[in-house]
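Structure record follows, encoded as C-alpha cells.
Numbering (the working numbering), first residue to last: 97 to 258.
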C-alpha cells in the first residue's frame, strides 16, 4: 500500500508518467486510498472529482485484483514485470529520438568489427571506441551531457564558446 499517487508511475501509458505536474491536491496520497476496500472497486466519485477527465478514465480502466495484497512496482516493458538491463536496452533501441545514432552504428559496423578483432589491449580498443562516439570525458562532452557547467578552459583560463 505504498504506491504514491503523485510520485510513482502507476497509470499505464501515461505521459508524463508521474502526476506531480498534473494534480496538486494529493501530495501524500497513496493509490490504495482510491480503492474501496470492501467492494474492491475504484472510488469513482473521488477519482472523477480529483483528476482531469482523461486521467480519471485511464485510472478507472485499470483492473483491480479481487483479493487485496501489497502493492508492487512492475516494469511494463517485460512480460514478467521485472526490470532487466536487456529490456531497458530494447526500450532505448525502439526510441526514435536520434535516428542518426543508428545510421552511424550501421555505417561503422565493419570498422568496429575489425577494431574488436585487432590484437591490442582492451583498454586501447575501448578508448578508440569511446573517441569515435564522443564518449571521452572531455569538458565539451561533459558539458553537452550536463555533467558540468564549467565553460572555462583549464589551460588558458578563457571561456569556451559553442
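C-beta: ideal position from N, C-alpha, C; glycine also.
Kindly list the residues whose CB is nearer than 8 Å to the CB of residue i, restricted to its own chain and excluding five residues on each side of it in sequence; keep chain order.
i           : result
residue 101 : 115, 119, 122, 125, 126, 127, 129, 130
residue 237 : 230, 231
residue 187 : 173
What residue from the options has the CA that sits closest to residue i's CA?
i           : options            : result
residue 155 : 139, 135, 170, 243 : 139
residue 162 : 178, 187, 136      : 136
residue 143 : 107, 165, 177, 111 : 107
Please state whether DSSP places residue i in a helix, a strand or coil.
i           : result
residue 99  : coil
residue 178 : coil
residue 137 : strand
residue 237 : helix
residue 131 : strand
residue 248 : strand
Can you name, in chain order, every residue of its own chain whose Cβ lies under 6 Å from the Cβ of residue i, other than the five neighbours on each side?
i           : result
residue 255 : 247, 248
Report yes if the C-beta distance between residue i and residue j is below 7 Å; otherwise report no.
i           : j           : result
residue 221 : residue 234 : no
residue 177 : residue 170 : yes
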